[in-house]
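The structure appears below as structure tokens.
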Amino acid sequence: MKRKFSFKIKLDVFLLILLLIISSVLLTFSGGRFIVDFKSVGFSVAAGTENAVHSVSSFVTDAVSAVRELAELRSKYVALSEKLKDYELLQRSNADIRRENRELKELLGFADMIVYKNIPAQVVGFDPDNLYSGIIINRGTKHGVRKNMPVLAFQGSNVGLVGKIVQTGRDSSMIIPIYDYQCYVAASVQTTKHRGLINGQGSADLPLIMKYVQKRAKDEIAIGDRILSSGENNLFPKDSPIGIVTGIKVHDYETYLELAVQPIIDFSRLDYVFVLNLSGFDGEAAQ
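If you read the sequence shown in this note's numbering, its first letter stands for residue 180, the second for the next number, and so on.
Structure, rendered in structure tokens:
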């Protein structure tokens, strides 16, 4: 009897607790709290989704704008680069024009100083046939250029002998330079007046050779002495600068000295020259 009573009491307690739980749940549902919480959760999810979509959309919009701005900047950069190139080219052109004007003024001044009739000319090329180490100029018979006319050049403060005309055309001519092995110039040492014959070695990079200088002059001639044209046979104007003595050779088996002569004119920078007309010129009157 005691056991049954205990079980009954426990069953009553269990049922009471169960009823209390059910009542609480019903009260919760009837108060709308669960529904309100569900709506809040749904709103939060929807709001989060909307924010995510907005963020993605903003990112894409910003990316497209950035790409467009980058393209515009690149286009502007290219345009500015082209303008800069044009500006630099213009600056170089202006500098070249100023330099050419300065050189032309110097050349005109030099042309006025020459006592001989002269024809200014510009170097435009070199002999393609290599018959000579030829230099081609833009003046020909139409301008008064004739074969065997001597040619001078002016570089900086230096005046020097270039060569002579060997071929002529209507609008162009060819010069055989003094460094050609077929070119010979009667010359003398400025300080001692010893005479000899200048001959080239076929290249502007090699010194000229002055032969047939009397051996007894070896103690009188020094490195650095100037070599001038002697004016013999009137092929070249007298006292035209040719070069500077850079070496003196004495051969025991010969009775003459051999001088190495560096040309005054730098042929690698040769641009303008003067073709001289010596016909009918009285050299002694000029002196």
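Just so you know, even glycine gets a beta-carbon here, dropped at the ideal spot from N, CA and C.
For residue 333, the enclosing beta strand (DSSP E) covers residues 329-334.
With fewer than 16 other Cβ atoms inside 10 Å of its own Cβ, residue 384 counts as exposed. Your pair residue 422 and residue 443 checks out as a contact, with CB atoms roughly 5 Å apart and the cut at 8 Å. Residue 405 sits in a strand when the DSSP states are folded into three classes.
Below 8 Å, enough C-beta pairs join the region 408-421 and the region 352-371 to call them touching: three or more. In the DSSP assignment, residue 419 falls outside any beta strand (DSSP E) and carries neither an H nor an E.
Going by beta carbons, residue 424 and residue 400 fall inside the 8 Å limit. Annotation: the continuous beta strand (DSSP E) that includes residue 300 extends over 296-305.
By the C-beta criterion, the region 447-459 is judged to be in contact with the region 335-354, since at least 3 inter-stretch pairs fall below 8 Å. Annotation: residue 349 is outside any beta strand (DSSP E) and is labelled neither H nor E by DSSP. By the Cβ rule, the region 331-348 does not count as touching the region 367-375, because fewer than three pairs are nearer than 8 Å. In the three-state DSSP reduction, residue 258 falls in the helix class (H, G or I). DSSP, reduced to helix, strand and coil, places residue 444 outside both helices and strands of the structure shown, so it counts as coil. The C-beta separation of residue 389 from residue 440 comes to about 5 Å, placing the pair in contact by the 8 Å criterion.
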